[in-house]
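These notes concern the structure reproduced below.
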Amino acid sequence: MTRSSSGILAILGLIGLVIYGSVFVVSEKQRAMVLFLGQISQSNVQPGIHFKWPIVNEVRTFERRIITLDAPPASFLTAEKKAVEVDSFVEWKISPSEGALLNYFTTTRGDELQAARLLTDIINKDLRDEFARRTLQEVISEDRSEIMRLMVAAANAKVLELGIEVVDVRIKRIELPSKVTESVYRRMRTERNRIAREFRSNGEKDAEIIRAQADRQRTEIAATAYRDSEIIRGNGDATATTIYADAYSQDREFYGFVRSLQAYQLSLNSKQDTLILKPDSEFFRYFNKQAK
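To convert, note that position 122 of the sequence shown is 122 in the UniProt record's numbering; the numbers rise steadily by one, no gaps.
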């Protein structure tokens, strides 16, 4: 490669570096500002492709979208001087209004952490004032939404000079300090135990009533069943007696013979059965008749 060719390549490379350093792109998600030797020359560069002077110009980009600030929990006093721990978060963005980006850069030098610190101080001060005007019951119930609405309006009035717009302020949770919380939990446990004891006592009383009623009903049912069974048994015995009497009256001799056979069957049911009777015993009277 000749010396002239190397020189041309070097010049082309230098031109390429100059062009590369002169072009910058601002996306739809960003807002940009151009500084000339540290001083603001363009304060609101729109999205697209732009050019700048290398070295002397510096481009600073800023987030156009909403930024969430999750502030650390802070302690506030309510109207009745009760301390509460409040955990909240703020949604904010650089205001789209004219000159807002310039104010934001002037007050924070474009540092989101610095903007977050300033915004946290403002929000905490307003929260402290709002909680001081309300009781604990109010801040955890119906006034909670009202507090957040007022916080957005009050914060926006104070952050105009910062070039910031507060989109929303939300209270995630409100808790009592750990010492107070433990005391409240103890009282809650005591109350719940008392209620549980009442439920158990009422349950045992109702169980005893149910058992007594069941025992009484069982006794009544058993007595009624025994009475009815005795009546049925008595009627059956009476019917059987009537049948026996009718049968006996029709042929007394045959009836006596059948009854004797039944007696023989029951008495001599096994080979081991033994009877010691006189031969002329009434028990064998049908045998004796047969023998004659």
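Idealized CB from N, CA, C, for every residue including glycine. Predicted, not measured: the structure shown is a model, and the values here were computed from it.
Check: The ligand FAD heavy atom lying under 7 Å from the CB of A71; Outcome: No copy of the ligand FAD occurs in the structure displayed, which carries no ligand at all.
Check: Reduced DSSP category for A291 - H, G, I as helix; E, B as strand; rest coil; Outcome: Interpretation of A291 is limited by its pLDDT of 45, a score under 50 that renders its predicted location unreliable; the figure taken from the coordinates is listed afterwards. Reduced to three states, the DSSP call for A291 is helix.
Check: Check whether V84 and I123 have beta carbons under 8 Å apart; Outcome: no
Check: Cut-off 6 Å between Cβ atoms - residues of its own chain near A291, not counting five sequence neighbours on either side; Outcome: Unreliable positioning characterises A291 in this predicted model, as indicated by a pLDDT of 45, which lies under 50. The coordinate reading is nonetheless provided below. Closer than 6 Å at the Cβ level, and outside the excluded window around A291, lies no residue.
Check: D246, DSSP secondary structure in three states; Outcome: helix
Check: Inter-residue spacing [alpha-carbon to alpha-carbon] between V152 and A132; Outcome: 18 Å
Check: Rounded distance between the beta-carbons of I174 and W92, thought under 8 Å; Outcome: Not really, about 22 Å apart at Cβ, beyond 8 Å.
Check: Residues near K29 by beta carbon distance below 8 Å, same chain, minus five either side; Outcome: E63, R64, R65
Check: Environment of T101 [buried if 16+ CB atoms lie within 10 Å]; Outcome: Inspection of the sequence shows that residue 101 is occupied by Leu rather than by Thr. Buried, because 16 or more other Cβ atoms sit within 10 Å of the Cβ of L101.
Check: DSSP beta-bridge partners of K93; Outcome: E165
Check: Cα-Cα separation between V56 and E138, rounded to whole angstroms; Outcome: 58 Å
Check: L160, enclosing alpha helix (DSSP H) - first and last residue; Outcome: Segment: none, L160 is in no alpha helix (DSSP H) and carries neither H nor E.
Check: Under 8 Å between C-beta atoms of N44 and R31; Outcome: yes
Check: Whether T120 touches L162 by CB criterion (8 Å); Outcome: no
Check: Secondary structure of D126, DSSP reduced to three states; Outcome: helix
Check: Environment of V34 [buried if 16+ CB atoms lie within 10 Å]; Outcome: buried
Check: First and last residue of the uninterrupted beta strand (DSSP E) at I69; Outcome: In the sequence on display, residue 69 carries Leu and not Ile. Residues 67 to 70.
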